[in-house]
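Participant: One structure is given below, represented as structure tokens, and several questions about it will come after.
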Amino acid sequence: MAIELFGGLAIFIFGMKMMSGGLRRMADRRLKQILQAMTRNRILALVVGAGLTAMVQSSSATTVMTVGFVNAGLMTLQQAIGVVF
């Protein structure tokens with residue numbers, strides 16, 4: 001059971017590193033500006049997070065994308081907190 005747990009965790013971390021690396025290569029200044037505008041205050045970030053979650057029908061997907069944006073340097077932790085909550 002411990003091997004499965006650590007194996008799953010390792011695959012998750014590997015996937016996050018791959019996603020943030022891909023986002024870093026793909027992202028340009030325009031995407032960063034869009035994310036900055038959509039999360040410029042906590043209330044707006046909360047609305048954007050709720051809307052995105054409703055569109056994709058998955059809070060997990062929203063959280064994973066947000067963490068990827070933070071890892072890629074496209075969002076700050078403060079901005080991400082508003083989107084996730």
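The sequence shown begins at 1 in my numbering and counts up one residue at a time. Note that CB positions come from ideal geometry on N, CA and C, so glycine has one too. Here the structure is a predicted model, which means the values were calculated and not measured.
Output needed for residue 31: all residues of its chain with C-beta closer than 8 angstroms, excluding positions within five of it in sequence on either side, in chain order.
Facilitator: Hits under 8 angstroms: 74.
Participant: Please work out which residues of its chain come closer than 6 angstroms, Cβ to Cβ, to residue 46, disregarding the five sequence neighbours upstream and downstream, and give them in chain order.
Facilitator: Cβ within range, chain order: 82.
Participant: Does the distance from the C-beta atom of residue 70 to that of residue 80 stay below 9 angstroms?
Facilitator: Against a cut-off of 9 angstroms, the Cβ pair of residue 80 and residue 70 comes out as a contact.
Participant: Classify residue 72: buried if its beta carbon has 16 or more other beta carbons within 10 angstroms, exposed otherwise.
Facilitator: It is buried - the Cβ of residue 72 has at least 16 other Cβ atoms within 10 Å.
Participant: What residue range does the alpha helix (DSSP H) around residue 53 cover?
Facilitator: Start and end: 42 to 56.
Participant: Would you call the CB atoms of residue 51 and residue 85 closer than 9 angstroms?
Facilitator: Contact flag unset, no.
Participant: Any Cβ of chain C within less than 9 angstroms of the Cβ of residue 6?
Facilitator: Judged by its chain identifiers, the structure shown contains no chain C, having just a single protein chain.
Participant: Using the Cβ count rule (16 or more neighbours within 10 Å means buried), how would you classify residue 5?
Facilitator: Residue 5 comes out exposed.
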